[in-house]
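Below: the structure, in structure tokens.
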Amino acid sequence: FGSLDGRLAAAPNAAIDRLNAALRDGGDPLFDVAALAARVGLGRWHDPVRWHQAKLPFAPDLAPLYADGLGRLLGALRGTARKCLVLDLDNTLWGGVIGDDGLDGIEIGQGTPRGEAHLAVQRMALALRARGIVLAVCSKNDDATARRPFRAHPDMLLREEHIAVFQANWTDKPTNLKAIAQALNIGTDALLFLDDNPAERAIVRREMPEVAVPELPDDPALFPRRVLCGGWFEAAAFSDDDRRRAEQYRANARRAELAASTTDLEGYLRSLGMIVRFAPFDSPGRARIAQLINKSNQFNLTTRRYSEAEVAAMESDPEVLTLQVRLTDAFGDNGMIGVVVARPLDAATLEIDTWLMSCRVLGRRVEQATLNELAARARARGYRTLRGRYLPSGRNAMVADHYPKLGFAATDEAGVWRLDLDAFRPFDLPMAVERAA
Numbered sequence: 356f357g358s359l360d361g362r363l364a365a366a367p368n369a370a371i372d373r374l375n376a377a378l379r380d381g382g383d384p385l386f387d388v389a390a391l392a393a394r395v396g397l398g399r400w401h402d403p404v405r406w407h408q409a410k411l412p413f414a415p416d417l418a419p420l421y422a423d424g425l426g427r428l429l430g431a432l433r434g435t436a437r438k439c440l441v442l443d444l445d446n447t448l449w450g451g452v453i454g455d456d457g458l459d460g461i462e463i464g465q466g467t468p469r470g471e472a473h474l475a476v477q478r479m480a481l482a483l484r485a486r487g488i489v490l491a492v493c494s495k496n497d498d499a500t501a502r503r504p505f506r507a508h509p510d511m512l513l514r515e516e517h518i519a520v521f522q523a524n525w526t527d528k529p530t531n532l533k534a535i536a537q538a539l540n541i542g543t544d545a546l547l548f549l550d551d552n553p554a555e556r557a558i559v560r561r562e563m564p565e566v567a568v569p570e571l572p573d574d575p576a577l578f579p580r581r582v583l584c585g586g587w588f589e590a591a592a593f594s595d596d597d598r599r600r601a602e603q604y605r606a607n608a609r610r611a612e613l614a615a616s617t618t619d620l621e622g623y624l625r626s627l628g629m630i631v632r633f634a635p636f637d638s639p640g641r642a643r644i645a646q647l648i649n650k651s652n653q654f655n656l657t658t659r660r661y662s663e664a665e666v667a668a669m670e671s672d673p674e675v676l677t678l679q680v681r682l683t684d685a686f687g688d689n690g691m692i693g694v695v696v697a698r699p700l701d702a703a704t705l706e707i708d709t710w711l712m713s714c715r716v717l718g719r720r721v722e723q724a725t726l727n728e729l730a731a732r733a734r735a736r737g738y739r740t741l742r743g744r745y746l747p748s749g750r751n752a753m754v755a756d757h758y759p760k761l762g763f764a765a766t767d768e769a770g771v772w773r774l775d776l777d778a779f780r781p782f783d784l785p786m787a788v789e790r791a792a
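Anchor point for the sequence shown: position 11 equals 366 in my numbering, and the numbering is continuous, going up by one each time.
Quick look at the structure:
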């Protein structure tokens, strides 16, 4: 029926649409092969000869594209997606050089192909920010000059409040990229660097091979496609916490600035007005809990991975002690920043199966608050001992001494630590605690 196919319930295209809609509504990870095929064109995707010969569902020369798309999804499920888009300015966010051409001389906005192309780059950045990707600036420029278009150009879509960390100076870009990651409390392997200058891209690739650096064409109209089709920001889930994440990281950068200016760390922590909230796993938090379990790599004691269905099973298992941890302060809501799963080892011992936290809250003693809560709930269930295990993953070395720092004692088994709950005294905390039953 041609164009009429989509409106006839019995037509194959309409039936396929209904089936795909049902798949999208399910809770399992979805590999959208239809979107991948549409990108290259269905005429190229389908090869009738190979289908009849070997039942291949797509042309053999597209197998690398299929494998790459599947790999991105698996990577996103394992927490390897990038968290931060770092933007160069001149000839990336606008045409021209702000220091030479001035505010009136740069090209940005409607009316010219080049101006509209750079506007599309900004639109892409804002769209990524809306789904939780953090934005940062890394530019060789005077700081005041670099900020002027954000503050004063009427056609700019991006404004200073959209940028979590603004690094505009004459320092080399690898050094500035490290400073951005440090300010955001993320690894440099979470960065994607967008720069029109091939020399700068080459330097970053050589000095920081873990940073994603897309090779860009000459025409800025092609920049968004190159970034979005690269799969670096592939997502396996999307929650309310994701929606707020960019602003959370920006607030975290402001906290870091305040912390750097104080010599009284305890006083600084108390001035934040922190409130930590503990609750067992529940259905509203399930997607975010599964996301954290599968994407947290650095502050993760065992890096065990669980699906959303397995998280749901933990909710209803009375034997399993679960905690979701949230944090708010004077700068805003950090959302869910921690997950704990503990299971009985025997009648007297509770073993910590999973303990992970967002690196955004490092240094704020949330781990001590979490142990206080975990110990109290374990005691209430009649346990006398907490047992914790550290399993090295290659990416979680930062928590190798997590348990001994919290007062756990070593056991004869390597990487296993124990805490006597009868002798444990809760930490004095610079925060208020709220809890659900």
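Ideal Cβ positions, reconstructed from N, Cα and C, are used throughout, including at glycine.
Which residues in the same chain have their Cβ closer than 7 Å to the Cβ of residue i, if we skip the five residues on either side of it in sequence?
| i | result |
| --- | --- |
| T658 | N652, L746, S748 and N751 |
| R599 | D688 and G690 |
| R734 | L776 |
| M753 | Q653 and F654 |
| E674 | R698 and P699 |
| K495 | W525 |
Apart from the five residues just before and just after residue i, which ones in its own chain have a Cβ nearer than 8 Å to its Cβ?
| i | result |
| --- | --- |
| V666 | F636, R641, I644, A645 and I648 |
On a Cα-Cα basis, can you pick out the residue from the options that is closest to residue i?
| i | options | result |
| --- | --- | --- |
| G690 | R503, R734 and R632 | R632 |
| N552 | A519, L458 and N446 | N446 |
| A576 | A472, A601, V582 and D459 | A472 |
| G770 | R790, R744 and L761 | R744 |
| Y738 | Y758, L700, A592 and A764 | L700 |
| L774 | F782, R780 and F763 | F763 |
| A392 | W406, R379, F413 and L374 | F413 |
| D783 | E722, D767, A755 and A567 | E722 |
By Cβ distance below 6 Å, which residues in the same chain neighbour residue i in space, the five residues on each side in sequence not counted?
| i | result |
| --- | --- |
| E562 | P529 |
| A475 | P579 |
| A591 | P384, A431 and L432 |
| P367 | none |
If we ignore side chains and look at the alpha-carbon of each, how far apart do residue i and residue j end up?
| i | j | result |
| --- | --- | --- |
| G687 | R610 | 11 Å |
| A390 | V404 | 22 Å |
| L440 | T725 | 31 Å |
| G466 | D402 | 42 Å |
| Y421 | V388 | 8 Å |
| L717 | H508 | 37 Å |
| I558 | A536 | 17 Å |
| K438 | R484 | 10 Å |
| P468 | D574 | 10 Å |
| W525 | G381 | 50 Å |
| L428 | Y661 | 16 Å |
| R394 | L729 | 49 Å |
| G542 | R362 | 49 Å |
| P415 | G398 | 13 Å |
| A664 | D544 | 29 Å |
| I707 | L741 | 7 Å |
| R736 | C714 | 30 Å |
Hey, residue i and residue j are a contact pair by Cβ (cut 8 Å); roughly how many whole angstroms apart?
| i | j | result |
| --- | --- | --- |
| L676 | L705 | 7 Å |
| R581 | P564 | Rounded, the Cβ-Cβ distance is 19 Å, inconsistent with contact. |
| L481 | H517 | 7 Å |
| I453 | L442 | That belief does not hold up - the Cβ atoms of I453 and L442 are roughly 13 Å apart, past 8 Å. |
What's the call for residue i, buried or exposed, on a 16-neighbour Cβ count within 10 Å?
| i | result |
| --- | --- |
| D596 | buried |
| G487 | buried |
| C584 | exposed |
| S638 | exposed |
| P504 | buried |
| L546 | buried |
| L425 | exposed |
| S594 | buried |
| S358 | exposed |
| W820 | Since the first residue of the chain shown is 356 and the last is 792, residue 820 is not available in this structure. |
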